[in-house]
Every structure is written in C-alpha cells, then in structure tokens.
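In my numbering, the protein residues as written are 2 to 408.
Glycine included, every Cβ here is placed at the ideal spot set by N, Cα and C.
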Amino acid sequence: MPIRRLAARELRPATRQTPRAINQQIVLGLLRSHHAMSRAALARRLGMQRSAIGRIVSTLIAQGLVCEGPAQTTARGRPSTLLHLDSRGRCAVAVDVRVTRTHLAVADLVGREISPVASFPTDLDPRAFVAHLAHEVRRLLAENPAAGRCQGVGVAVPGMLDRAGEVVVHAPALGWRNVALREMLAASLGLPVVMENAVKAWALAQVWALRGEPRSGDMVFVNVSDGVGVGVVIGGEVLRGRHNVAGEFGHLPLSVDGPRCACGATGCWEAYVSNLATLARYVGRPLEPGRPVPAEVARLTVDDVVARARGGDARALAALLTTAHYLGLGLASIVNALDPERVYIGGEISAAWDLLEPTVRAALAQRTLVAAAADVNIVVVAAEEHPRLRGAAALVGAPILGVQPIA
Ligand SMILES: [Zn+2]
C-alpha cells in the first residue's frame, strides 16, 4: 500500500498565531501572573523596545482587555502607570462538581473569588443536579450584584468529557455516562456555559497563569479526592489524546486483582488512594464504590482522619500512611512515564502532607527507574486555594481576556 503523503498544511498547528498575537498573549499572561506591571517593566521582561510594547498595550486597551491604574511616581522620580487585566463590571460563576458536594463562587475574569464559596450536596440524578445548580447560580448572582454582568458559567466536572466539552462521556464516581450537561445547564440558566474535566481545568488555569514565564517544563496535576483525577501538561499544552481521555492515570491498575474501582475495574490506583479508600482502611472494612456507605463512615471525612492522626490515633495514622505508600507507587508510574518537571498535588489529603511526604517519597524512590527522577518537585496545593474552582473561573475568563486556554 502506498504511503500517503502529508500536505504541508496538515503539518501546521491548528492554532496558528501571528508573532503579534503571540506577543499580546504573552503580555496578557504576564499581567495575569503579576497582577500589575508598567510598560517599562514589560519591555524589560520581554527584551522589547518601549515603543513596541506601547503599541501592543494600546491594542489591548482598545480591545477592553487591559486597563491603566492611577499614575505613580517611580523611585527615580519618573511617572509610571501600572497596567491590569480589565475585569471591571464583568464576572463569571465558577462551579466545581464533586461527588459529595458541589462548590461554586462568583469570580472576576482573572479567577479571583469575589463571593464566599457556597456549596450544596451533589444530586446524582443529572436532571435534579441541573435544576439545583441553576437555582444556586441564580441565588449567588442575585446576592452579589456588584460583581457585574455574568459572562458565563465555568463548570469543572470529575469525569471524562467529549472533545467539544458538551457531554460528560463517563464520570465513574458520579455514575454518569453520556450526559449532555453543558446544553442542559445553558438552557436552564440562559447563560454561556463552558465545561471541562476538573483537573484539566486546574491544569489549564496554571498554564494560563504561567504564560510569559520562562519555560516552566512539563507538569502533572494530581487531585486526590472522592476519585483521583490527573491532568498532564506537555510542552505548555494540556494532553488530551484522540478521545480527550489521555492522562487518566487514576485508572491505571496498581494490581489486577485489587479492590473494586468506581469505573468497574479492579485494582485501579484510585481504588487505593481515593478518600473512600482511606476511610475504608481506617474503619477496617472494604467499602464498595456505588454501594451505600455505612452510617458510621458517612459521618467521617478524610479531614477527620487527619485530625485523629494528629491527635495520636495510631489507626488513623496507619490508614493515612498506607494511602501515602500507594500514592507514591502511582506517582512513580507517572514519573516513569512522563518524567515531569513538577507534580502538583491537591485534594483533602494535601492537609496531611507533612505526615505523608516521607512515605510518598520512599515509595517513589522504590519504583522510579532513574534515581534522580524520584526527586521530582512536588508542589502541594491546599484545598483552601480551590484550584479546581479557579480552573472553572479561568474557563470563562481566559477566552474573554484574550487568552485561549483550550488547545
Ligand atoms: Zn478505575
């Protein structure tokens, strides 16, 4: 069979940008990560002429993407005006869907929360969930009129979505398959809705925040919560694969005949390190995903187990350290497969990182193929930072502010 020759245009990246557009993106990225910079600082940072930076900034101001703060006097006595991303009068609603509770907040377009984070128990029936969420979004917007016009709702979902971000193809922990959630929500709210896998949303927000920074290297995001979600950033892009399911390390088996996982398989990494797995270990009985959780467990959270471990409860500490061991083994697979520059870890378990880290590191060192790779930089993100919620806000804010986070 003859080999098909590729036409040159097929080799071009799909998101082709002019150098001018790229420079605009870099300026927006720098203003995003530094909150405010002067034209002179931007010129120094990018090694460009003041006049060239001036032209880029004027364009961004004309487009309503950047605004000027009040003039200040620099140390050398020269007047200087700080530039900000222009988020005035506009807001987004960020939604982080989790199995137990769904969290939401009003955020500015840069992703900063401008309302307290609200939450409600997640309905596992999609129609009931949409009705409940729409009600909560309306209530939150009504309570925060000063936030400005809502530009859209960003929804982070713990599951696999189709490439268009329309359908939840499979959310094992929620038991959802082929739920056209975006359209249902948009119809119910009458607002634009952008939907993304929760950890990919977190990864996208981080990629966006790092635009314009020196090469930040390949990154992996691991969220250990009701399930285990993983997002992978290679060469500054979120890895998606052919069906948008690349990077699902949570369902890589640690053992073929291990505990049952929410996805239906056995021995997945998630089945060893999820919050349910830690609680099961603590109460000393296996808990099957999808089956009713015994009352004495339903009252418990991983936060309780962490508090008890700190209070001297040896069984609680042992349960956490076993989770840490399996966490390290799974991280070793990720490091062996991708050799990333940095691994971000989030979820409730992050509150106990000081207790867990030595065990995680020991397991990593046991399984990584190259000793140096075990020293991978692990960045722990506290649950209070709401990384997935910020990711959800970025889904709405980034495109409006001219940064396209979706590859
Ligand atoms: Zn699984």
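For ALA106, no alpha helix (DSSP H) segment is defined; the enclosing uninterrupted segment is the beta strand (DSSP E) at 102-108. If you keep only unbroken beta strand (DSSP E) runs of at least 3 residues inside the stretch 302-369, you get 343-347.
Contact between PRO127 and LEU182 holds: CB atoms are separated by about 7 Å, below the 8 Å threshold. Rounded to the nearest angstrom, the Cβ distance from VAL382 to GLY331 is 18 Å, too far for a contact under 8 Å. Proximity of the beta carbon of CYS68 to ligand 1 is not indicated: no heavy atom of the ligand is located closer than 8 Å.
In the DSSP assignment, ALA374 falls outside any beta strand (DSSP E) and carries neither an H nor an E.
In this model, GLY30 and VAL208 are separated by some 9 Å (Cα to Cα).
At least one heavy atom of ligand 1 is found less than 8 Å from the C-beta of PRO173.
Of the candidates ARG389, ALA129, CYS92 and ALA72, ALA72 places its Cα closest to the Cα of LEU84. The three-state reading of DSSP puts ILE379 in strand, counting E and B together.
Burial state of HIS252 is buried, judged by a 10 Å Cβ sphere holding 16 or more other Cβ atoms. At least one heavy atom of ligand 1 sits closer than 8 Å to the Cβ of GLU271.
Separation of LEU43 and GLN25 (C-alpha to C-alpha, rounded to the nearest whole angstrom) is 11 Å. Boundaries of the beta strand (DSSP E) harbouring MET220: 220-225, taken from the DSSP string. As the crow flies, the alpha-carbon of GLU386 is around 11 Å from that of GLU349.
ARG164 is not a Cβ neighbour of HIS171, given a cutoff of 9 Å. Between ligand 1 and the CB of ALA202, the shortest heavy atom gap is not smaller than 8 Å. DSSP places THR82 inside the beta strand (DSSP E), whose first and last residues are 80-86.
Excluding sequence positions up to five before and after ALA375, its CB lies within less than 8 Å of the CB of ALA333, VAL336, ARG362, LEU365, ALA366 and THR369, all in the same chain and listed in chain order.
The beta carbons of ALA393 and GLY155 sit closer together than 9 Å.
Annotated as distal: THR74 and SER39, with beta-carbon spacing of 9 Å or more.
At a Cβ-Cβ threshold of 9 Å, PRO388 and ASN224 count as neighbours. Taken through DSSP and simplified to helix, strand or coil, ILE115 comes out as coil. The beta-carbon separation of GLU197 and LEU396, rounded to 5 Å, stays under the 8 Å limit for a contact. The C-beta distance from HIS326 to THR360 rounds to 5 Å, short enough to fall under 8 Å.
By the CB criterion at 9 Å, VAL96 and LEU125 fall outside the cutoff. According to the DSSP secondary-structure assignment, GLY232 is paired through a beta bridge with PHE222.
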